[in-house]
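Engineer: Dropping a structure here in structure tokens format, bear with me for questions.
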Amino acid sequence: MDEETRRALRWEEIWSQFSPRTPMGRRKKRSFIPFMPGEEAQWQAHLATQEQLLKAKQTLPEAVPHLEHHLSRLSDPTDAIGRLQQGATLTVSDWFQVKTFLWHGWKLCSLIVEIAPRFPLSYGVKAWESVLRRLNPDPVLTPSFSLAASFDSRLQKWQQILEEAEHQVREKKEQAAGDVEQVFPLQRNREGEWVVDRQAPHLAALLADPRLETVRKTPFEVVFRPAPTPEVKEACRRRSEAADRLEAVEEEVLRHLADRFRPQTRFLSGAVEEVARFDLYWAQMRMAERWNGTRPGPDRRAFRIRGGVHPFTARSLEEKGRSFTAVDIEVRQGVTGIIGPNMGGKTVALTTVGLIASLGQYGFLVPARTCSMPLVNWITGVIGDGQDVQAGLSTFGAEVKRIAEVLQRPSAGLLLIDEPGRGTHPLEGAALSASLTSYLAERRNWSLQVTHFSEVLEVSGIQVYRVAGLSDLPAETAEGDWERMLEERMDYRLLPWSGESIPRDALSIAGMLGIPPAILKEARNRLSRSAEKTEHKGVGG
């Protein structure tokens, strides 16, 4: 799909709500591509897996919050894996990230096996646990990581020595400060400093006392702190020595840990990919759940849709208190046309077919009661106001330019066209639209187009649907909520057309919208006089 097609189908609204929960799932979404012709078996297997997950979720709903919790908590160890593969030594924070991934992945795998035992997993629960235990020497498995004594007994020894040294430093500093406060009326602040007013009578003595050192002076005060005593200096030296020894042991432990764990990077890389794959499946299933999605079956000949719905258009209508009329249609190779009155839902039907086809091709369960479809090489829409401002083209020019580009493609795809030729002179537009239809009818593409030109209906070899149209038409002067009146009286269903007379509803709709009766009467007179001799005929208004 190109950008214009995505916009017309409201694809970005769908895509933005397709939300994997893990960093690797979101990364994989960026490279997510549709299934293509020749991949029907993989496509159907992908859809079957989603059906399995949807059924499993409905069978064990109480397990779902736990599964989604662990899925959301999975960290991404990809960078750490890369550094390990390059021979680097990881930091404690790196190992914490790796272990967090392994622990939540282990929990997730256990839940997948419980909820959806048929989901294809490359690594089972035991494989996850085996690798996790390499970072968890203690019997109880936890998501946290630290360099505990279980990795190397020297760690505990030097950690204790360091703690004792730090205690000695604090004790000696407290003793030195206490000696000063016994002599002078001082009290330390939170930084362990004394702030003395320049008018204080003991300021001179403080400045001369070797047990203090000056931190800073201002015009109003002098700030002191205890000067390091020999005892404090010795305690600090022992602390620094213990910290250096502990750091050396930690570096050695981390180096050995990296060497021992490096063979597991293949598992880690595969596990990251497996988590991302499951995350995408789960996110797709969650999307399909919103619209009660169904599995599209393979069909090389036609798009066959029953009860098709555009979820976001349906939601917009619901917010206005209106309902969406589901689309029933079959789009075969060649041309399928849709005719009917303005505001009869033809463009909505067009975009609904395009969206369902796109969702199906991306491996989603689709918003329809039933659906079968081919995989196609491309889906392109020429829909709506396509003015190309940058190229200086009008709506008609932009439309023709896009259609010309599509006609040059060697492969077959789904082409959606909304009223081709409407943006130019009616006679030329009708001729161009009919000729285009005749050309497309002989091609391998699946072309679905909305038209108002009766000339199009004269093309042989096409199938046509018509909007059922208005019933119980109100008086032309009816007042009130015209949208509600139209909704109540318009039958938006698509019905197969076999040549019967097409109701002309445009003037009735104009009356509902407030056009004066005199204008409508004159319009009907003109329509009647020209019905048999006009060169240009509008189908359905």
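The numbering used here numbers the first residue of the sequence shown as 4 and each following residue consecutively. Idealized CB from N, CA, C, for every residue including glycine.
(1) Alpha carbon to alpha carbon, how far is A238 from L257? Give it in angstroms, no decimals.
(2) Sort out for me which residues DSSP pairs P314 with in a bridge.
(3) Pick helix, strand or coil for E196, following the three-state DSSP scheme.
(4) Within 10 angstroms of its Cβ, does F327 collect 16 or more other Cβ (buried), or is it exposed?
(5) Taking 8 Å as the threshold, find out whether the segment 311 to 331 comes into contact with the segment 269 to 285 through three or more Cβ pairs.
(6) Once you ignore the five residues that flank R242 on each side, which residues in its own chain have a CB closer than 6 Å to its CB?
(7) Sort M290, L439, E322, F104 by Cα distance to S19 and report the nearest one.
(8) In angstroms with no decimal places, state the Cα-to-Cα distance between L111 and V134.
(9) How long is the line joining the alpha carbons of G544 and G472, rounded to whole angstroms?
(10) Determine the closest residue to R303 out of P140, A261, E42, with distance taken between C-alpha atoms.
(11) Can you look up L368 in the DSSP assignment and give me helix, strand or coil?
(12) Give every residue of the same chain whose Cβ lies closer than 7 Å to the Cβ of E15, excluding the five residues on either side of it in the sequence, and list them in chain order.
(13) What's the C-alpha gap between W449 and Y284?
(14) How about V226 and V252: do their beta carbons lie closer than 9 Å?
(15) Kindly indicate which three-state DSSP category D141 falls into: helix, strand or coil?
(16) DSSP on Y126, reduced to helix/strand/coil?
(17) In whole angstroms, what is the alpha-carbon distance linking Q466 and G343?
(18) Please identify the residue among T25, R228, A208, G432 whose C-alpha is closest to the C-alpha of E216.
(19) So, with DSSP's three-state summary, where would you put E445?
(20) Would you say K102 and L150 are within 9 Å of each other, going by their C-beta atoms?
(21) Within 10 Å of its beta-carbon, does R469 have 16 or more other beta-carbons around it, so buried, or fewer, so exposed?
(22) With a cut-off of 8 Å on the beta carbons, I'd call L57 and M288 a contact; round off their distance for me.
(23) In this structure, does DSSP put S361 in helix, strand or coil?
(24) Within its chain, find whatever has a CB closer than 6 Å to the CB of D79; leave out the 5 residues flanking it on each side and keep chain order.
(25) At a cut of 8 Å, does the segment 107 to 124 reach the segment 60 to 80 through at least three beta carbon pairs?
(26) For V95, does the count of other Cβ atoms within 10 angstroms reach 16, so buried, or fall short, so exposed?
(27) For Y468, list the residues DSSP reports as bridge partners.
(28) Taking the DSSP output, what are the residues bridged to Q452?
(29) Using the Cβ count rule (16 or more neighbours within 10 Å means buried), how would you classify R33?
(30) Three-state secondary structure (DSSP) at M39?
(31) If you follow the alpha helix (DSSP H) that L410 is part of, which residue opens it and which one closes it?
(32) For T232, which residues from the same chain have a beta carbon less than 6 Å from its beta carbon, with the 5 sequence-adjacent residues on both sides left out?
(33) What's the gap between the Cα of G1 and the Cα of R29?
(34) Specify, as a first and last residue, the run of the alpha helix (DSSP H) that K323 falls within.
(35) Compare the beta carbon distance of G366 and Q53 with 9 Å and say whether it is the shorter of the two.
(36) Kindly list the residues whose CB is nearer than 6 Å to the CB of R265, restricted to its own chain and excluding five residues on each side of it in sequence; keep chain order.
Structural biologist: Answer, in terms of the structure:
(1) In the sequence shown, the residue the question calls residue 257 occupies position 254. In the sequence shown, the residue the question calls residue 238 occupies position 235. Computed Cα separation, rounded: 28 Å.
(2) As a working mapping, residue 314 is identified with position 311 in the sequence shown. Answer by DSSP bridge pairing: none, since P314 is not bridged.
(3) In the sequence shown, residue 196 corresponds to position 193, counting from 1. Reduced to three states, the DSSP call for E196 is coil.
(4) Residue 327 sits at position 324 when you count from the first residue of the sequence shown. With 16 or more other Cβ atoms within 10 Å, it is buried.
(5) no
(6) Sequence index remark: in the sequence shown, residue 242 carries index 239 (1-based). Taken in chain order, the residues that qualify are A168, E169, V172.
(7) Within the sequence shown, residue 19 is the residue found at index 16, counting from 1. Per the Cα distances, M290.
(8) Taking the first residue of the sequence shown as position 1, residue 111 is located at position 108. Taking the first residue of the sequence shown as position 1, residue 134 is located at position 131. Looking at the two C-alpha atoms, the distance is approximately 15 Å.
(9) What you label residue 544 is simply residue 541 of the sequence shown in a count that begins at 1. What you label residue 472 is simply residue 469 of the sequence shown in a count that begins at 1. Residue placement at G544 is flagged as unreliable, the pLDDT there being 41, under the threshold of 50; the coordinate-derived value follows with that caveat. Straight-line Cα distance between these residues: approximately 11 Å.
(10) The residue labelled residue 303 in the question sits at position 300 within the sequence shown. Closest option to R303, Cα to Cα, is E42.
(11) By 1-based counting over the sequence shown, the position of residue 368 is 365. Here L368 sits in coil by DSSP.
(12) For this step, residue 15 is matched to residue 12 along the sequence shown. R9.
(13) On the sequence shown, position 446 is the one that residue 449 refers to. On the sequence shown, position 281 is the one that residue 284 refers to. About 29 Å.
(14) The sequence position of residue 226 within the sequence shown is 223, counting from 1. The sequence position of residue 252 within the sequence shown is 249, counting from 1. No; because the gap between Cβ atoms is not below 9 Å, this pair is not in contact.
(15) As a position in the sequence shown, residue 141 is number 138, starting the count at 1. Residue state, collapsed to three classes: coil.
(16) On the sequence shown, position 123 is the one that residue 126 refers to. Of the three classes helix, strand and coil, the one that applies to Y126 here is coil, per DSSP.
(17) In the sequence shown, counting from the first residue as 1, residue 466 sits at position 463. In the sequence shown, counting from the first residue as 1, residue 343 sits at position 340. Each residue's Cα considered, the two are about 14 Å apart.
(18) Taking the first residue of the sequence shown as position 1, residue 216 is located at position 213. Nearest option by C-alpha distance: R228.
(19) Your numbering for residue 445 matches position 442 in the sequence shown. Reduced to three states, the DSSP call for E445 is coil.
(20) Counting from 1 along the sequence shown, the entry for residue 102 is found at position 99. Counting from 1 along the sequence shown, the entry for residue 150 is found at position 147. Contact flag unset, no.
(21) The count along the sequence shown starts at 1 and reaches residue 469 at position 466. Counting Cβ neighbours within 10 Å, R469 comes out buried, since at least 16 surround it.
(22) As a position in the sequence shown, residue 57 is number 54, starting the count at 1. As a position in the sequence shown, residue 288 is number 285, starting the count at 1. Correct: roughly 5 Å between the Cβ atoms.
(23) Translated into the one-based positions of the sequence shown, residue 361 becomes position 358. Here S361 sits in helix by DSSP.
(24) Against the sequence shown, residue 79 aligns to sequence position 76. These residues qualify, in order along the chain: P26, M27.
(25) yes
(26) For this step, residue 95 is matched to residue 92 along the sequence shown. V95 comes out exposed.
(27) Counting from one through the sequence shown, the residue named residue 468 turns up at place 465. Note: Y468 sits in a beta bridge opposite I341, P499.
(28) Along the sequence shown, one-based indexing puts residue 452 at 449. Paired residue(s): G340, I420.
(29) Along the sequence shown, one-based indexing puts residue 33 at 30. R33 comes out exposed.
(30) Position 36 of the sequence shown, counted from the first residue, corresponds to residue 39. Correct three-state label for M39: coil.
(31) Here residue 410 refers to the residue found at position 407 of the sequence shown. L410 -> alpha helix (DSSP H) spans 398 to 410.
(32) Indexing the sequence shown from 1 puts residue 232 at position 229. If we look at T232 and ignore the five residues flanking it on each side, its Cβ neighbours are A179.
(33) Outside the modelled stretch of the chain, which goes from 4 to 544, sits residue 1, for which no answer is possible.
(34) Start at 1 with the first residue of the sequence shown, and residue 323 comes out as number 320. Run containing K323: none; DSSP gives neither H nor E here.
(35) In the sequence shown, residue 366 corresponds to position 363, counting from 1. In the sequence shown, residue 53 corresponds to position 50, counting from 1. Contact: yes.
(36) If you number the sequence shown from 1, residue 265 lands on position 262. These residues qualify, in order along the chain: L87.
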